[in-house]
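The structure appears below as structure tokens.
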Amino acid sequence: MHTNLYRQGKVENSKRPLVVFVTLTVCLTATVIGILYFNGASKVNVYAWDRKITISTKAATVGDVLQAVNLSLDSGDLVFPSLDTEVSDDMDITIERGKPVFIYWRGKLLPILVAERSVSKILQKANIKVDLDDVVYPALDEEISADRTIKVVKVTYGEVRERQQIPYETTKRSDATMDAGLTRIFSQGAPGIVEILYEVKYEDGVEVSRVEKSRTVVKDPVSCVMLVGARHEVFRDGQNIRFERALEATSTAYCPCAKCCGAYASGRTSTGMRATKGVISVDPRVIPLGTRLYVEGYGFAVAGDVGGAIRGNRVDVCFDTHEEAMAWGRRKVKVYILP
Numbered sequence: 001m002h003t004n005l006y007r008q009g010k011v012e013n014s015k016r017p018l019v020v021f022v023t024l025t026v027c028l029t030a031t032v033i034g035i036l037y038f039n040g041a042s043k044v045n046v047y048a049w050d051r052k053i054t055i056s057t058k059a060a061t062v063g064d065v066l067q068a069v070n071l072s073l074d075s076g077d078l079v080f081p082s083l084d085t086e087v088s089d090d091m092d093i094t095i096e097r098g099k100p101v102f103i104y105w106r107g108k109l110l111p112i113l114v115a116e117r118s119v120s121k122i123l124q125k126a127n128i129k130v131d132l133d134d135v136v137y138p139a140l141d142e143e144i145s146a147d148r149t150i151k152v153v154k155v156t157y158g159e160v161r162e163r164q165q166i167p168y169e170t171t172k173r174s175d176a177t178m179d180a181g182l183t184r185i186f187s188q189g190a191p192g193i194v195e196i197l198y199e200v201k202y203e204d205g206v207e208v209s210r211v212e213k214s215r216t217v218v219k220d221p222v223s224c225v226m227l228v229g230a231r232h233e234v235f236r237d238g239q240n241i242r243f244e245r246a247l248e249a250t251s252t253a254y255c256p257c258a259k260c261c262g263a264y265a266s267g268r269t270s271t272g273m274r275a276t277k278g279v280i281s282v283d284p285r286v287i288p289l290g291t292r293l294y295v296e297g298y299g300f301a302v303a304g305d306v307g308g309a310i311r312g313n314r315v316d317v318c319f320d321t322h323e324e325a326m327a328w329g330r331r332k333v334k335v336y337i338l339p
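Per this note's numbering, numbering of the sequence shown is gapless, rising by one per residue and ending at 339.
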């Protein structure tokens, strides 16, 4: 019996080292696994909207970290470093909330949410390409605050061709067979044509300036030839009459009767002269009052009256009787201004 107990004790003593070994192995394995696990995680600080979030994560990228902490981004938010940056231990991630600014672009006011403050970066964010000639207010290198407006003026250039008339000149030629004061067109003039090439500057599609680059004469102008009277003497009514100048006028006639001058006619002209044959009503702007005249078909006269209907090259000749005035009627006459 003692022999059996001895043997049993010996067996139990032989099992204890095995149990201890197994237990130590399990603990060591768990410790190693834990160390390996925690060694694979990174400490990350997320700074967003005036608060700080610190996490230990095995996320691979910045974007994964933000998903892990349930942070959603708006299109205008700015994340630094970028979402595809690999995570490292003790990394700081900063998020800036987008703020509203406005961009005036091609006649439209575009609202946009951006965290960037630089004008150039804001335009890049809005996918607005600025060419070298474009004008930007404020300047591209300036920074702006929220609710400001950026104005982009699109500057383009183009060529425009225009045709214009070239005025013709008038050449005067003296003609001794014509009365002085009269003119006649000998040959008609005609304008020429010139084609002008301009470089035109546009701002937002509106022309603001143009510069002439060249001009080409398409058609030369043709000068007008005008004959100018040089004769100062004519033979009328059996005598030579010298004159300063002549003019062609439309004439009518009147007499001092009530039918021609009204019920209150005094028989006197506006200058106080007696209304009789040889007195003519004129426009003083054309023929000064008191001027001595010779009217073809009427004879010698003096400018001694005015009338409300007498304007320009028009005269009203006076006769002594109503019958003579009616017989004269209305006719074209040549009036000679005497010295």
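Every residue gets a Cβ at the ideal spot worked out from N, C-alpha and C, and that includes glycine. Given the structure is predicted, the values throughout are model-derived calculations rather than measurements.
- Note on geometry: alpha-carbon atoms of I95 and L83 lie some 11 Å from one another.
- In the DSSP annotation of this structure, A265 is not part of any alpha helix (DSSP H), being labelled neither H nor E.
- Just measuring C-alpha positions, the residue of G181, T269 and Y104 sitting nearest I128 is Y104.
- For K108, the secondary structure class from DSSP, reduced to helix, strand or coil, is strand.
- Scanning its chain for C-beta atoms nearer than 7 Å, with the 5 sequence neighbours on each side dropped, one finds around R106 the residues K154 and D204, in chain order.
- Inter-segment contact for the stretch 224-232 and the stretch 174-190 is present: three or more beta-carbon pairs are separated by less than 8 Å.
- Exposure of W49 is indicated by the presence of fewer than 16 other C-beta atoms within 10 angstroms of its C-beta.
- In terms of CA proximity to A139, I150 leads the group I150, A146 and F80.
- Judged by DSSP in its simplified three-state form, E244 adopts coil rather than helix or strand.
- Secondary structure note for S88: it is in no alpha helix (DSSP H), with a DSSP letter that is neither H nor E.
- C-alpha of C224 to C-alpha of D179: approximately 20 Å in a straight line.
- Contact check for N45 against T54 passes: the beta carbons are separated by less than 8 Å.
- Rounded to whole angstroms, the Cβ separation of L113 and P100 is 6 Å, and the two are in contact under 8 Å.
- Where G63 is concerned, the enclosing alpha helix (DSSP H) starts and stops at V62 to A68.
- Judged by their CB atoms, V130 and V152 are nearer to each other than the 8 Å cut-off.
- Under the 10 Å beta carbon count, Y336 is surrounded by 16 or more other beta carbons and is classified as buried.
- In the three-state reduction of the DSSP assignment, A115 falls in the coil class.
- In this structure, the alpha-carbon of S251 lies about 15 Å from that of V302.
- In the DSSP secondary-structure assignment, Y47 is bridged to K52 and T94.
- The C-beta distance from G308 to V286 rounds to 15 Å, too long to fall under 8 Å, and the pair is not in contact.
- The alpha-carbon of I310 is positioned some 44 Å away from that of R163.
- With distances taken between CA atoms, V135 lies nearest to V119 out of I144, V279, D147 and V119.
- Going by DSSP, M178 is part of the beta strand (DSSP E) stretching over T170 to D179.
- Taken in chain order, the complete beta strand (DSSP E) segments of 3 or more residues contained in the stretch 255-323 are 279-281, 292-295, 299-305 and 314-318.
- Taking C-alpha positions only, D283 is separated from R236 by approximately 25 Å.
- Residue T61 holds the alpha-carbon nearest to the alpha-carbon of M91 among T321, T61, L71 and L78.
- Beta-bridge partners of G329 (DSSP): none assigned.
- In the DSSP assignment, E162 falls within the beta strand (DSSP E) that extends over V155 to I166.
- Of F243, I196 and V279, the smallest CA-CA separation from Q165 is found for I196.
- Distance between P81 and I93, taken at the CA atoms: about 6 Å.
- Burial is judged here by how many other beta carbons sit within 10 angstroms of a residue's own beta carbon; S281 has at least 16 and is buried.
- Distance from R210 to E199 at the Cβ level is roughly 7 Å; contact confirmed, criterion being Cβ atoms closer than 8 Å.
- L247 and D316 have their C-alpha atoms spaced approximately 15 Å apart.
- Per the coordinates, the alpha-carbon of E86 lies some 35 Å from the alpha-carbon of R148.
- F186 counts as exposed, since fewer than 16 other beta carbons sit within 10 angstroms of its beta carbon.
- If you draw a straight line from the Cα of K125 to the Cα of D77, it is about 11 Å long.
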